[in-house]
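The opening residue of the sequence shown carries number 1 in the UniProt record's numbering; numbering runs sequentially from there.
Accompanying notes for the structure given below.
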Amino acid sequence: MSHGHTHGHDHAHDHTHDHSLDQGDMAQVVDMSIPDKELSPAQVSRRGMFRRAGLLGAGITAAGVLGTQGQAAADSAKSYGRSNCEPKDGYLWLAGDHHIHTQHSSDGMYRVIDHVQHANAYGLDWMVITDHGSIAHAKIGVDKVNPDILAARKVIKDTLVFQGLEWNIPGAEHGTVFVAPGRNEVATLKEFENSFDGSVKNATSSTPQNEALAIAGLNFLADAVKRRRVDDALFLANHPARKGLDSPHEIRGWRDAQPTIAVGMEGAPGHQAAGIPKPQGPGSGRGFYDSSPSADSWPGYPLESYKTFGGFDWMTSTVGGLWDSLLAEGKTWWITANSDSHTVYQDASVRGPGSDFEANGRYNDPVYGGTPVPTQGDFWPGYYSRTHVGAANFGYGAIMDAMRAGRIWVDHGGLISGLIVRARTSDTRGVTLGGTLHVRKGSKVEISIEITLANRPNWANEIPTLARVDVIQGDVTGPASNKDTFTTPKTKVVKSYEVNKNTGTVRFTYQVGAVDRPIYVRLRGTDGNRSAQGLLGASVDPHGPAIDVFGDADPWHDLWFYSNPIWILPRR
């Protein structure tokens, strides 16, 4: 077990950091003859932003990136995005996390600024604050968290901070709901929570009426966008297999009702430190997947679905399983990976003393306690799990557009640093993740894969080695006759590439061949430390992720990445 993932008090609670820099400071930031160690913390942070954007070394000047002193963050952000388009295959690939809890959650602790500063330090470009839906949150918490988010946006300008909430989905599990920033973000979220949250409405049991209420909630969000009350809204299902509550027909129902709002699910849950063995860790399951079937669980799920595989949810990790059954229908349904950060492993903060959460809708500010807590199962945002989206620019709308389009890949523990994938014919540039390539029937198609390896230590002070990359291909067979279908017979691993490197860049080309039927392709990669035959047999998945050992699952030594799919459709 690596013990490199701890945090000191000074960094966790340094809230005086200001990212505004004057012209002289910026000149030093872009002068690469000055080493990082000679810069101020603010300058190092800004240089990191430019590195992620691919701007350094591209001939920028201090005047060119600084603009007018006091210029709005959105304006400076636009040039950040535009300048990085070409070097990253036409998109700015931005890392983020859409599932984070603060002192405004009944089981949370940290301030918004605590999470935002940590996320920024660990390289995240965007994040969503998602405090739990509850009576207290609906009444006052959703209002009280907003000023904290607005303040964080002003202090940390190179990490975009969305306001959302974790929806208690009526008749099901939890989900992230978030909206684009604007004058109606609080009012819209508040009305949504008061009208459609399962906990607030006493609608948590698995009944047809409650399932209908969930659909009504998604319709409300779609209407809010249609009427321009908010610029955009998205929903993603969180830890979908953890308690067996999200039935296949509910997932299909959400997506089919509002496919531009309900866009996906967590392919990997947060709480990844939960599997670290006692006494160093909680000794639970990764993601706190420690449940068994209940009266509200969908009875068709097998017992292994309540556990994770290589840290990923059973719905995603099973080749030919539930996720693939949706993709085989041609349904756009994307996966993400997030921290679900509540209380951080080995952090020594304690919840603010004298708090009255029910009365105030929040806990008092945390206090540094002095003794690290090994039973806490979370990591800071960006520390372990990352969701990478291919955005047209650095902006809130561009992030949401990218997520809706499925330009997403996810990784754990910094297994890789970059992923560019294209499906193409010999005479076309092709399409990237989430896209659909239309070709003449019989055309030869190839998948080009470019992977930037880890190249540097992760936060466990190890440079992960990518051992293998798997290409997974499936037939698109059309709508399932049974809405509770959770397997598809024509999806399997079709090609594996051995890598066994952790520095540099590797490239592969998978020859799909002549396409005579609709198909999709997705990718998966691993450090190779733990593998097992897939749940649907060796002919489908000869060496997939192994089921995580309850109470003994070091997350740092079982790393995977997953991409979202590309569809290839022949014309008649």
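In this text, a Cβ means the ideal position worked out from N, Cα and C, and glycines have one as well.
Start and end residues, alpha helix (DSSP H) containing residue i
i      : result
His438 : Premise fails: His438 lies in the beta strand (DSSP E), 436-440, not in any alpha helix (DSSP H).
Ile149 : 142-155
Trp314 : 314-317
Glu185 : 185-196
Val225 : 208-226
Glu250 : 248-257
Ile113 : 112-121
Residue i, enclosing beta strand (DSSP E) - first and last residue
i      : result
Phe162 : 160-168
Pro570 : 566-571
Val230 : Premise fails: Val230 is in no beta strand (DSSP E) and is neither H nor E.
Whole-Å CB distance - residue i paired with residue j, under 8 angstroms assumed
i      : j      : result
Gly171 : Asn210 : 3 angstroms
Arg555 : His412 : Correcting the residue identity first, residue 555 is Pro in this sequence and not Arg. Right, their Cβ atoms sit about 7 angstroms apart.
His239 : His174 : 7 angstroms
Leu327 : Pro565 : 5 angstroms
Tyr306 : Gly244 : 6 angstroms
Leu165 : Val177 : 6 angstroms
Gly96  : Ile399 : 7 angstroms
Gly133 : Glu193 : 5 angstroms
Glu329 : Gly478 : 6 angstroms
Phe561 : Trp409 : 6 angstroms
Arg404 : Leu234 : 7 angstroms
Arg530 : Asp558 : 5 angstroms
Pro248 : Phe486 : 5 angstroms
Val493 : Ile568 : The Cβ separation is near 17 angstroms, so there is no contact.
Arg242 : Ser195 : Going by Cβ atoms, the distance from Arg242 to Ser195 rounds to 25 angstroms, so no, they are not a contact pair.
Met214 : Ile169 : In the sequence on display, residue 214 carries Ala and not Met. About 5 angstroms; that satisfies the 8 angstroms criterion.
Beta-bridge pairing of residue i - partner residues as DSSP gives them
i      : result
Asn238 : His174
Ala337 : Ala268
Phe309 : Phe312, Ile547
Ala262 : Phe235
Ile100 : Ile129, Ser341
Glu329 : In DSSP, Glu329 forms no bridge with anything.
Tyr562 : Val410, Arg524
Ile451 : Leu419, Val506
Leu92  : Ala391
Leu466 : Lys501
Val200 : Looking at the DSSP assignment, Val200 forms no beta bridge with any residue, so it has no partner.
Glu446 : Arg424, Gln511
Ser349 : Tyr368
Chain D within 9 angstroms of residue i, Cβ atoms only
i      : result
Leu326 : Absent here is chain D; the protein component of the structure consists of one chain.
Length at least 4, wholly inside the segment 356-423: the alpha helix (DSSP H) runs in chain order: 357-360, 396-405
Complete beta strand (DSSP E) runs within the segment 469-551 (minimum length 3 residues, chain order): 491-501, 505-514, 519-526
Between the segment 455-462 and the segment 511-525, can you find at least three pairs of beta-carbon atoms closer than 8 angstroms? no
Does the count of Cβ pairs from the segment 126-133 and the segment 260-267 closer than 8 angstroms reach three? Touching, no, given that fewer than three Cβ pairs across the two stretches are closer than 8 angstroms.
Mind the definition here: the segment 528-545 touches the segment 309-320 only if three or more C-beta pairs lie below 8 angstroms; say whether that holds. yes
Whether or not the segment 436-453 and the segment 293-300 are in contact is what I'm after, with contact meaning three or more pairs of Cβ atoms, one per stretch, closer than 8 angstroms; do they touch? no
Tell me, please, whether the segment 93-106 touches the segment 360-377 by the rule of three or more beta-carbon pairs shorter than 8 angstroms. Yes, the segment 93-106 touches the segment 360-377.
Contact between the segment 273-282 and the segment 249-258: three or more CB pairs below 8 angstroms? no
Pairs of beta-carbons, one from the segment 418-435 and one from the segment 112-127, closer than 8 angstroms: are there three or more? no
Taking three-plus beta-carbon pairs below 8 angstroms as touching, is the segment 332-343 in contact with the segment 370-386? yes
Across the segment 373-384 and the segment 345-361, are there enough close Cβ pairs to call them in contact, namely three or more that are closer than 8 angstroms? yes
When the Cβ atoms of the segment 107-117 are set against those of the segment 140-149, are three or more pairs found closer than 8 angstroms? yes
Does the segment 464-474 touch the segment 491-508, meaning 3 or more C-beta pairs lie closer than 8 angstroms? The segment 491-508 makes contact with the segment 464-474, as at least three CB pairs between them are under 8 angstroms.
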